[in-house]
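Step one of this worksheet: look at the structure below.
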Amino acid sequence: MRSFRTRGVVFIATLGVALTACAPGASPSTAPSAGVQSQGAGASDAPALGGELTVQTYGGNWRECMTEHVVEPFEAETGVDVILAEIPTSAEIFSRLQVEAGNPTLDVIVMGTGLDYNAGESGLMEEVDWATEAPNWNQLTPESQQFPKFGPSVGATAIGIAYNADKMPFEPTSWYDLFDERLDGHVGLAADNAFAFALLWFMNEDNGGTVDNFDPGFEQLAKLADLNPIVYTSAAEGETAFVQRDMWAAAINTPRAIGLAREGLPINFVYPEEGGFVWPSSVGIPRGSQNREAAVAYINTWIDAEVQANWATCNNLPPSNAEADLGDYEFADVLTMDKAFPIPWSDIEPHRAELTERYDREITSRAQQ
Amino acid sequence: MGRRQLAIPGWVVQIAPAMLLIASLMAAPLAIVAILSFTTFRPGPAEPLQFTTDHYSRWFVDPYYRDVVIRTVWLGLATSTACLIVGYPLAYIFARLSFRGRALLMFVMLTPLFIGAVVRSLGWVMILDRTGPVAVLLEAMGVPEGDVPQMLYTFPAVVISLVNVLLMFMVLPIYSSIRGIPGTLEEAGRTLGASPFKTWAKVTLPLSVPGIVAGWILVFVLSIGSFVQPRVIGGPSQHVLSTILYRDFSFSLDWPAAAAAGILLLVIGIFAVVLPRLVTKRVMQWDVEAESMGG
């Protein structure tokens, strides 16, 4: 009897372990957004829809700003229950999109750095006549309408030079100022991320290279690699490097630079005279979404001028709606796409793998020798 | 004559469904990954798939990738060896000595496991960076600022961070092994005139080899598969298989290349498990043969 009981316990325990291991992994946060409060200003005229909508989000400030300025007004207007699914990188989202093709678990996703272009061209996204179905599309800047097969931009990633005003021996005005020998050991070098590609593309274009010949770009960046740079593989690492690792100047995006300034650090942000780099954070609907109507309404809300103004000042991204008025916001002068030019991800995307490998071999390996 | 009936133990029957479930959910994905690694698949606009071995040949033909494989294996060897050198004395102390604070010391040594890998690695970045406390200490000791060696983004830094977290995976098997050695054997050695060191070398050490092998295999496999430490502390100049896999999958979107890296990592891990056991078994066979011949 005791033997049978023991074996029974072993059986149940083993089965329990197996089933637990096989249980579908919950997203880090799939809780419904809090509250159904009417936010008043900022909400668009979305139809009353009800039901649920699963929206992908990044973490941190992005999620907080989206919840406050997009989700809650939308829920109040439409009665739709928005469920946020936190997925931190475009690559993970793209993988999921690929695997779930036609049967998505997400209704609204945001991607950038060329993956939005890739996904749109691959037929993974729902076909939407944005101009008709989401009228706020017609108020967007041309840069924000770059990838209609994916969707509109909800804010641009804008890259310029962030620098420590107390430590920099000069005020940078050009991308080539990053190559100044006085910055030896204190200049940042992006690696394995979109910032790296952006600077590589610019250096290549500016030094006679083409999309089929990146040799000039690599030759130029090799000079930066010889300055004992501080290598960072993400915007967050770059932000930390300013604080922890005595980095004086680097190519960084507006949210990180403004975030540091808001923390009280002497960090300034400038767009170089050649222009900064900008690309869209595109929002779209995976093909086969069961909540298409609500998803389109959600996106239309997100690109509304008033919502965009609130979203931009909260998240420190240049707004995508040309009518968005940032008022007297302290950093309004850098939250613009006028001083930056778009990175042609559609040209870079076919060469992504080879450029990544070459960048590792010739630039980051050289930088850390 | 009656037919022989196969006697299947009852407990095997009871856990079989769960084990089949696990085996199918591991074997099937592994098979998919292996097949993917021999194709030219790219996520994005559909293109005809072709068979290729390029994703494997690069690891042996291209010096850059060959270095990555060598560095990966070397990382496993260095971490295991360092853990053994530090861990064996600790295991012996825990197993054979009784002192106040023993349990507390063991708990303290387990604490790195309570902290997430990313947080732990960022801590090492702050410690080893050129503006960190180690650099400050060296400068205080008289080393000129420009002569303070680069500590971060080096191979030793990755090894140190891995030893920090994997040490207990070496200590515990050895501890268990030593605890299993009857104290009377060591006492007999000392009674017969052997010094404490000779007693340890001739009695304790050989009998603790199973624990050493188990710990060594565990640390080796865990270290070659580690990702956070090589990425955060080693950086792009200290690429190992796991970081290349991540780069190929996440940034290059070269899924077959990432799959091949994963399969290669698995093969190395299998070798690491099988080879030491074969060697140990062979060595022990030689010992038995030598003893039986009066050697």
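In order, the protein sequence lines correspond to chains A and B.
One rule links them: number in our numbering = place in the first sequence (from 1) + 285.
One rule links them: number in our numbering = place in the second sequence (from 1) + 1077.
Every residue gets a Cβ at the ideal spot worked out from N, C-alpha and C, and that includes glycine.
Since the structure is predicted, the reported quantities are computational estimates derived from the model, not experimental observations.
The shortest CA-to-CA distance from Ala-534 of chain A to any of A:Pro-629, A:Glu-456, A:Leu-391 is the one to A:Glu-456. Judged by DSSP secondary structure, Gly-440 of chain A falls outside any alpha helix (DSSP H) and instead within the beta strand (DSSP E) spanning 438–449.
Going by DSSP, Asn-595 of chain A is part of the alpha helix (DSSP H) stretching over 590–600.
Contact of Thr-649 of chain A with chain B is assigned, a C-beta pair being separated by under 8 Å. By the beta-carbon neighbour count (other beta carbons within 10 angstroms, threshold 16), Ser-1285 of chain B is buried. Within the segment 1218–1280 of chain B, the alpha helix (DSSP H) runs of at least 4 residues that lie entirely inside it are, in chain order, 1232–1256, 1260–1268, 1273–1276. With respect to the C-alpha of Gly-561 of chain A, the residue from A:Ala-594, A:Lys-624, A:Pro-571, A:Ala-361 having the closest C-alpha is A:Lys-624.
Segment contact: the segment 361–371 of chain A against the segment 605–614 of chain A, fewer than three CB-CB distances shorter than 8 Å; contact not assigned. When the five nearest sequence neighbours on each side are left out, the beta carbons in the same chain lying within less than 8 Å of the beta carbon of Pro-557 of chain A are those of Gly-445, Ile-446, Pro-457, Thr-458, Ser-459, Trp-460, Asp-462, in order along the chain.
When secondary structure is reduced to three states using DSSP, Thr-1130 of chain B falls in the coil class, being assigned neither helix nor strand.
Judged by their CB atoms, Ala-1338 of chain B and Leu-1352 of chain B are not nearer to each other than the 8 Å cut-off. With respect to Leu-640 of chain A, Phe-482 of chain A sits close: the two C-beta atoms are nearer than 8 Å. The residues Gly-1164, Tyr-1165, Ala-1168, Ser-1285, Gly-1288, Ile-1289, Gly-1292, in chain order, have a CB closer than 7 Å to that of Ile-1251 of chain B in the same chain once the five nearest residues on each side in sequence are set aside. Under the DSSP assignment, Ile-552 of chain A falls in the beta strand (DSSP E) whose first and last residues are 552–555. Around the beta carbon of Ser-1303 of chain B, a 10 Å sphere encloses 16 or more other beta carbons of the protein chains shown; the residue is thus reported as buried. For Phe-626 of chain A, the beta-bridge partners assigned by DSSP are A:Phe-562.
Cβ proximity to chain A below 9 Å picks out Leu-1199, Val-1202, Met-1203, Asp-1206, Arg-1207 from the segment 1193–1207 of chain B. For the pair Tyr-583 of chain A and Phe-359 of chain A, the CB atoms are nearer than the 8 Å cut-off. For Ile-543 of chain A, same chain residues with a beta-carbon under 6 Å away, outside a window of 5 residues either side, are Asn-601, Phe-616 in chain order. For Asp-623 of chain A, not one C-beta of chain B is nearer than 8 Å to its own C-beta. For Val-568 of chain A and Leu-484 of chain A, the gap between their C-alpha atoms comes out near 24 Å.
The Cβ of Arg-348 of chain A sits no closer than 8 Å to any Cβ of chain B.
Runs of alpha helix (DSSP H) with 4 or more residues, each lying fully within the segment 365–442 of chain A, are found at 375–384, 400–406, 415–418, listed in chain order. For Ala-475 of chain A, there is no enclosing alpha helix (DSSP H); the enclosing beta strand (DSSP E) covers residues 473–475.
Where Val-619 of chain A is concerned, there is no enclosing alpha helix (DSSP H), because DSSP gives it neither an H nor an E. Between the C-alpha atoms of Glu-1222 of chain B and Met-1103 of chain B there is a straight-line separation of about 52 Å. Per DSSP, Tyr-1323 of chain B lies in no beta strand (DSSP E); the unbroken alpha helix (DSSP H) holding it starts and ends at 1318–1323.
The Cβ atoms of Met-1247 of chain B and Met-1186 of chain B do not sit closer than 8 Å to each other. Beta-bridge annotation (DSSP): Leu-338 of chain A is paired with A:Val-367. Annotation: Cβ neighbours of Ala-476 of chain A in chain B (cutoff 9 Å, chain order): Gly-1312, Pro-1313.
With a threshold of 16 other beta carbon atoms within 10 Å, Arg-1143 of chain B falls short and is exposed. Shown here for Leu-334 of chain A: same chain residues with a beta carbon closer than 6 Å to its own, the five before and five after excluded, namely Thr-363, Val-365, Ala-579 in chain order. Burial is judged here by how many other beta carbons sit within 10 angstroms of a residue's own beta carbon; Val-581 of chain A has at least 16 and is buried. With respect to chain A, the C-beta atom of His-1132 of chain B has no partner C-beta closer than 8 Å. Interface annotation, Asp-1331 of chain B: in contact with chain A, CB-CB separation under 8 Å.
Between Asp-401 of chain A and Val-340 of chain A a beta carbon distance of about 16 Å is seen, past the 8 Å cut, so the two are scored as non-contacting.
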